[in-house]
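Protein chains in written order, with the numbering used here: chain S, 20 to 574; chain A, 20 to 574.
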């Protein structure tokens, strides 16, 4: 049998942060590693979720054997509900990861038709031409894995998201031995997480937050509120432990916090001593000197628990003078303004607020590997080819430069972005012609794609609003009936606009009067003339450029 | 004569970052310190500029004697063009500050009617009951001052924006002696800049960037592009000096950069050796090994020089492989995404990009005082009353806590926000009833205020677009003419929407058919019925909630 080639086709996460997705194909067998989403930038008006364009997968639907998940973060599993309708193949993942997927698919009514296959680290699974081993890695959530994918051309390692935590809170260390074994055997290609490549040194262990938490818990004159990502099970575990140490009970609030705690507890992955938990409905009455509350909302998401608590709009909890509030999470760039607005509300209540301030003992640590850890992985794996993944372009570039400096990549280092395939053959590795890739904008309500043209209209609408000139034309005679109407929203307030809108009606009347019968017979011509004349008039009167939407009504 | 009281009325900058403005009144005399603007948050759609609400000043117009400026940054002078039409009083400031104000008023055609009065540090000016001395302070731009304002009740010190730079590049140190003298004499109230109160230690001297700049200039294989704030005259001076040291010439590009360089050079405040400058039109042909280009656009403002260079859309300059690009400025929170997008474009061209990365020698230093400098000022001034200014609430609060800790405030420390007056009398200082204060949203094209209701409409429009159902009614008979029309923009694309829009027309027809003659006679009733029915239909069909704007056309 002729030796086939191996194709790696990045469909998301290379060139942007989030929506991770990589296709691997050997002969007739294709798998997809991760199916993530990302949150839209502010200018994508009305868009809730951004996912990868899966045109390439749909074109190769008959070869697609499985979606293989490294871990359960949204940027690795979040696109599943949106793409399963088109490519419903078996989904592989670890126990906790699949539990999160299950819940998500259930919410969308997609669970019944989905095939979920649980994977254990250390065991190998066969999917077509691929033999896959899940290798346990440490990260900010639990049950995370790197993938070792044996192909007829050699082993491919995909790190997933990781850090190398020497003292993980769950005592499950990064499985360096297995990674080392593959490195010793020889690795064809390494795909490595680039998230923290701009950070020098080592990322501190998850345990590094413990001293500061304990110090703040001990000093707290009243109740303690800790907000962190709901998937940060290690962090939640530590908060529970410190609460026990200082003789406090723990409550949980916020939908995603409660969900994740229940889920990880049910799987035996979160240890909560008996009698430790205060029920949500009892939080208000509970002795504040004996209470710690864990809640989601550290990014000040509008309807989150912490946002609502901050403005006294939460049923079960208030923030009062001398309460301690700890934001044990990263302030994600772009979220500063809402986060600090929320913090300011709590400062006004004279609460004691602690957040990442760069100083002293950390209140939060990252889940991603810094430069020295990335170097260690490059030294252990010493692949033939190296492809940085998970990052904006500069991160991929810097990760490539770091690998160059380490010098353990025997072949080529590829800095590629979404849609740029690499073909691996016996002879070498080559960039191939780009495939369709990009982002798809999704409305989470309808689950439907939003086209870019619609977003552009919204951007135009959002700038100066909309002006709608309307004329009625007799469908038999072609003559104008009545006076034109001009209405607007988001343009000028009713008071300010009165005169301008009266003028706008006159402009429409004049435009119609100055048009000849041929023009009047062609509605697209007359609409365009009205649009142009109104645009000029309104810009002159107000220096604004509203979206103008002329309508001709047949009566 | 009866002893009057002194009122301090903050109108901007206390509780938000930017639009600084503080009114001081004694008897019949009122002055305003600074008149700044701020940039809007993303959700203020179509708003270009945010300025303080000056209702209070207009109400007290007859007492208002002057606007007194501390320095020329936009958050201290940027509101002038918008408020001078209502309160055209003399404007006091230093030479460079007034030069900036002059240019700005000229652009708006307001210069002829304005009265600008130049102030020198060390001299005292009298304005009504106030005697004001400008005290030179160090900051990121030049000609900055703190104000010592003598009133019949005592001296008020307003720091303006400052840091205490022990080695300023222009050899003009912070005038600690004068500040100390006032402190010795006794100060009634201190209003202090809180911007950097969250930073421990000392802000490094402006000169701290010199070693890194020189290292990067020397290592640069080709041309060097440095981007910084156009008003950072110290930084620009250092870049020119380092360029000279390493044997390179300097070019300037970007409107604000060229303007500020010309202005400060004309005033003798920027030293550019003869033969040093490369003209813009010569930049492209000039030997890249001998060239440094200074340009504005470090915040990736859409039309700025650097943004355009990054995407090959600049007439005079390109970024090429091995060019060195230095962002010598802060990455302002909220601007990360566009800035890193711009940086990524230049990485793709294989340029060498340097930006604030928290490591090694700084590439940028702040212009605001950190905690130790703030403590020094509190020790020198030792006021009776202290009011933190310039900052979001938590910064004001922390500055107050810092002052408490220093212990040199003999009376009270007031954490107040915009609109909260303090009255100072012989007996004490008291919070008084709030005055109207807040933000005014401005469209920079029209210079007109945008009302909040218009912004809300734009937010609604931006979410799911607009749907306009239109019916024609015979004005004589009251009967419906023709079929209703439903048009939309920013809602669904033309293809996706066809079926839904056809259904929407049917909904309108049905609503009309089911209405009784009384309802049909009242257009506001019928419009509301159409809106409600369409809203229900569209939400059910699409899970979207567009803005629905029913129109009835009289024919």
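No residue lacks a Cβ here, since even glycine has one placed at the ideal position from N, Cα and C. Treat the numbers as computed from the prediction; the structure is a model and nothing was measured.
For this session: Label residue 92(S) either buried or exposed according to how many other C-beta atoms from any shown protein chain fall within 10 Å of its C-beta, with 16 as the threshold for buried.
Result: Buried.
For this session: Check whether the Cβ atoms of residue 60(A) and residue 356(S) lie closer than 8 Å to each other.
Result: In this structure, residue 356(S) lies closer than 8 Å to residue 60(A) by Cβ.
For this session: Examine chain A for any beta-carbon lying closer than 8 Å to the beta-carbon of residue 489(S), and answer yes or no.
Result: So, interface residue.
For this session: Count the C-beta pairs between the region 200-220 of chain S and the region 166-179 of chain S that are closer than 8 Å, then say yes if the count reaches three, no if not.
Result: Taking a cut-off of 8 Å for Cβ pairs, the region 200-220 of chain S and the region 166-179 of chain S touch, as three or more such pairs fall below it.
Exercise. Does the beta carbon of residue 362(S) come closer than 8 Å to any beta carbon on chain A?
Worked result: Output row for residue 362(S): interface = yes.
Problem set entry | Through-space distance from residue 538(S) to residue 569(S), alpha-carbon basis | Between the alpha carbons of residue 569(S) and residue 538(S) lies a gap of roughly 15 Å.
Exercise. According to the neighbour-count rule (16 or more other Cβ atoms, all chains shown, within 10 Å of its Cβ), is residue 261(S) buried or exposed?
Worked result: By the 10 Å Cβ count, residue 261(S) comes out buried.
Exercise. So the beta strand (DSSP E) residue 31(A) belongs to, where does it begin and stop?
Worked result: Segment 25-31, the beta strand (DSSP E) holding residue 31(A).
Problem set entry | Where residue 473(S) meets chain A, residues with beta-carbon distance less than 8 Å | Around residue 473(S), the beta-carbon contacts reaching into chain A at under 8 Å are 484, 509, 510, 511, 512.
Exercise. For residue 108(S), does the three-state DSSP call read helix, strand or coil?
Worked result: In the structure shown, the three-state DSSP call for residue 108(S) is coil.
Exercise. Contact check, residue 86(S) vs residue 392(S) under 8 Å by CB: the rounded distance?
Worked result: Incorrect: roughly 27 Å between the Cβ atoms, too far for contact.
For this session: Verify the CB distance criterion: does residue 460(A) have a CB-CB separation below 8 Å to chain S?
Result: False, the Cβ-Cβ gap to chain S never drops below 8 Å.
For this session: Less than 8 Å between the CB atoms is what I'm expecting for residue 235(S) and residue 343(S), so what's the real figure, rounded?
Result: Right, their Cβ atoms sit about 6 Å apart.
Exercise. In three-state DSSP terms, what is residue 357(S)?
Worked result: DSSP places residue 357(S) in helix when its eight states are reduced to three.
Problem set entry | Contained alpha helix (DSSP H) runs [length at least 4] in the region 348-416 of chain A, N- to C-terminal order | As far as the region 348-416 of chain A is concerned, its whole alpha helix (DSSP H) runs of at least 4 residues are 355-367, 390-400.
Exercise. Rounded to a whole number of angstroms, what is the C-alpha to C-alpha distance between residue 277(A) and residue 120(A)?
Worked result: Distance between the alpha carbons of residue 277(A) and residue 120(A): 16 Å.
For this session: Could you tell me which chain A residues have their CB closer than 7 Å to the CB of residue 367(S), listed as they occur along the chain?
Result: Correct list: 412.
Exercise. Name the chain A residues whose beta carbon is nearer than 7 Å to that of residue 65(S)?
Worked result: 481, 482, 483, listed in chain order.
Problem set entry | For residue 67(S) and residue 488(S), the rounded distance between their alpha carbons | The straight-line gap from Cα to Cα measures roughly 32 Å.
For this session: Could you tell me the distance, in whole angstroms, from the CA atom of residue 200(S) to the CA atom of residue 310(S)?
Result: The alpha-carbon of residue 200(S) is positioned some 47 Å away from that of residue 310(S).
Problem set entry | CA-to-CA distance, residue 62(S) to residue 448(S), given in whole angstroms | Rounded to whole angstroms, residue 448(S) to residue 62(S) spans 38 Å at the Cα level.
Problem set entry | Residues that residue 234(A) contacts on chain S, provided the C-beta gap is smaller than 7 Å | Within chain S, no residue comes near residue 234(A); the closest Cβ sits about 17 Å away, beyond 7 Å.
For this session: Check distances from the C-beta atoms of the region 415-438 of chain A to those of chain D and list, in chain order, the residues that come in under 8 Å.
Result: This model lacks chain D altogether; the protein chains it does include are S and A.
Exercise. Any idea what DSSP makes of residue 246(S), helix, strand or coil?
Worked result: Residue 246(S): strand per DSSP, three-state reduction.
For this session: Output the residue ranges of the alpha helix (DSSP H) runs that lie fully inside the region 233-308 of chain S and measure 4 residues or longer, sorted by chain position.
Result: Entirely contained in the region 233-308 of chain S, the alpha helix (DSSP H) runs reaching 4 residues are, in chain order, 252-264, 274-285.
Exercise. How close, in whole Å, do the beta carbons of residue 292(S) and residue 263(S) come, if the pair is a contact with beta carbons under 8 Å?
Worked result: Under the criterion of beta carbons closer than 8 Å, residue 292(S) and residue 263(S) qualify as touching, at roughly 6 Å.
Problem set entry | Beta-carbon proximity list for residue 480(S), same chain, < 6 Å, skipping 5 on both sides | Once the five neighbours on either side are set aside, the close Cβ partners of residue 480(S) are 566.
Exercise. If you draw a straight line from the C-alpha of residue 33(A) to the C-alpha of residue 113(A), how long is it?
Worked result: Distance from the CA of residue 33(A) to the CA of residue 113(A), rounded to the nearest whole angstrom, comes to 24 Å.
Exercise. In terms of DSSP beta bridges, what is residue 458(S) paired with?
Worked result: 71(S).
Exercise. Is there contact here, the region 266-277 of chain S with the region 294-313 of chain S, by at least three beta-carbon pairs under 8 Å?
Worked result: Verdict: yes, contact present.
Exercise. Just to check, is the beta-carbon of residue 77(S) closer than 7 Å to a non-hydrogen atom of the ligand MG?
Worked result: The ligand MG is not part of this structure, which contains no ligands at all.
Problem set entry | Cutoff 8 Å: residue 20(A) Cβ touching any chain S Cβ | With a pLDDT of only 46 at residue 20(A), under the threshold of 50, the placement of this residue in the model should not be trusted, and no figure is reported.
Exercise. At what residue ranges does the region 79-131 of chain A contain a whole run of the beta strand (DSSP E), taking only runs of 3 or more?
Worked result: Fully enclosed beta strand (DSSP E) runs of no fewer than 3 residues occupy 83-87, 110-112 of the region 79-131 of chain A, in order along the chain.
For this session: Name, please, each residue of chain S whose Cβ falls closer than 8 Å to the Cβ of residue 500(A).
Result: Per Cβ cutoff of 8 Å: 491, 500, 574.
For this session: Just tell me which of 482(S), 432(S), 519(S), 350(S) has its CA closest to the CA of residue 397(S).
Result: Selected option, being the one with the closest Cα: 432(S).
Problem set entry | Beta-carbon separation (whole angstroms), residue 365(A) vs residue 319(A), contact threshold 8 Å | Actually they are not in contact, since the Cβ atoms of residue 365(A) and residue 319(A) sit about 11 Å apart, beyond 8 Å.
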